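Everything below concerns the one structure shown next.
Chains as they are written, first to last, in my numbering: chain X, 13 to 93; chain G, 52 to 206.
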């Protein structure tokens with residue numbers, strides 16, 4: 013798996029921009045190789061922010077091959093409560 | 052059913068090939084539609100402002116399954132392409148050391164050659180959805196979704 017989706021339930025006042033990037037910058041455990049960019053194929057609709065994309069390094073090897081896992085791309089979908 | 056388990060599990064190349072963008076967009080559109088429906092419910096039926104993460108995910112999953120999947124409202128979000136799995140089904144991690152990882156939602160992609168077989172297993176017994184049984188699906192690809200409550204995690 014090289015892509016996954018994170019769905020967030022965001023309360024009033026929490027918007028993906030800039031909260032997502034702020035959180036990733038502060039994190040000491042998540043290695044981010046590409047900060048959030050807007051998915052050009054997505055759009056903001058009622059109660060749902062435009063999807064943003066980040067890329068993260070992974071520090072494990074596949075048991076099947078012994079090869080390093082590549083970066084994972086996360087698609088962030090934030091839903092307003 | 053026995054035929055599925057009588058065959059040797061195929062070996063998958065890792066990492067799996069990236070999924071087409073269209074798959075993600077279909078899944079996102081379905082979740083957005085389910086979310087709008089959840090938001091439009093009266094607070095007496097379901098109060099989003101007080102519900103915790105698990106309760107929200109449960110409702111979201113129910114709406115996805117009962118009202119959005121196969122309804123024709125989101126093209127591709129039906130049994131021609133995708134199957135919605137159970138909520139928090141157990142998945143092993145990359146090396147098998149942690150067998151009880153539980154993504155909040157997951158879905159399996161289907162195609163014409165595999166959909167009938169996958170549907171049979173899924174509808175027969177959800178508890179059969181272990182990594183070993185999934186590995187028997189030569190053309191199914193798993194899509195995992197994680198959910199997090201921003202209000203609870205302070206992100």
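From the three backbone atoms N, C-alpha and C, an ideal C-beta is built for every residue, glycine too.
Predicted, not measured: the structure shown is a model, and the values here were computed from it.
Judged by DSSP in its simplified three-state form, residue 87 of chain X adopts strand. Close CB contacts of residue 20 of chain X within its chain, under the 6 Å cut and outside five residues either way in sequence, are with 90 (chain order). Shown here, residue 152 of chain G sits in a strand according to DSSP, grouped into three states.
Listed along chain X, no residue sits closer than 9 Å to residue 135 of chain G by beta-carbon distance, the nearest being about 14 Å off.
Within chain X, no residue has its CB atom less than 7 Å from the CB of residue 106 of chain G, the nearest being about 10 Å off. DSSP places residue 42 of chain X in the coil class of the three-state scheme, outside both helix and strand. Closest option to residue 75 of chain G, judged by alpha-carbon separation, among X/16, X/61, X/49: X/16. What residue 87 of chain G touches in chain X, judged by beta-carbon distance under 7 Å, is 58, 59, going in chain order. In the assembly as shown, residue 37 of chain X is an exposed residue. Its beta-carbon has fewer than 16 other beta-carbons within 10 Å. Taking 8 Å as the cut-off, the Cβ atoms of residue 154 of chain G and residue 143 of chain G do not count as close.
Under the DSSP assignment, residue 22 of chain X falls in the beta strand (DSSP E) whose first and last residues are 15 to 22. A straight-line Cα-Cα distance of about 17 Å links residue 77 of chain G and residue 88 of chain G. Taking 8 Å as the cut-off, the Cβ atoms of residue 93 of chain X and residue 48 of chain X do not count as close. Taking a beta-carbon distance threshold of 8 Å, residue 151 of chain G does not count as an interface residue toward chain X. With a minimum length of 3 residues, the unbroken runs of beta strand (DSSP E) contained wholly in the region 111 to 150 of chain G fall at 133 to 135.
Our two residues, residue 85 of chain G and residue 71 of chain X, have alpha carbons roughly 35 Å apart in a direct line. For the region 13 to 35 of chain X, the set of positions with a beta-carbon nearer than 8 Å to some beta-carbon of chain G reads 13, 14, 15, 16, 17, 18, 19, 20, 21, 22, 23, 26, 31, 32, 35 in chain order. Within the region 70 to 102 of chain G, those residues whose Cβ lies closer than 8 Å to any Cβ of chain X are, in chain order, 70, 72, 75, 76, 78, 79, 82, 83, 86, 87, 90, 99, 100. Bounds of any alpha helix (DSSP H) do not take in residue 65 of chain G, whose DSSP letter is neither H nor E.
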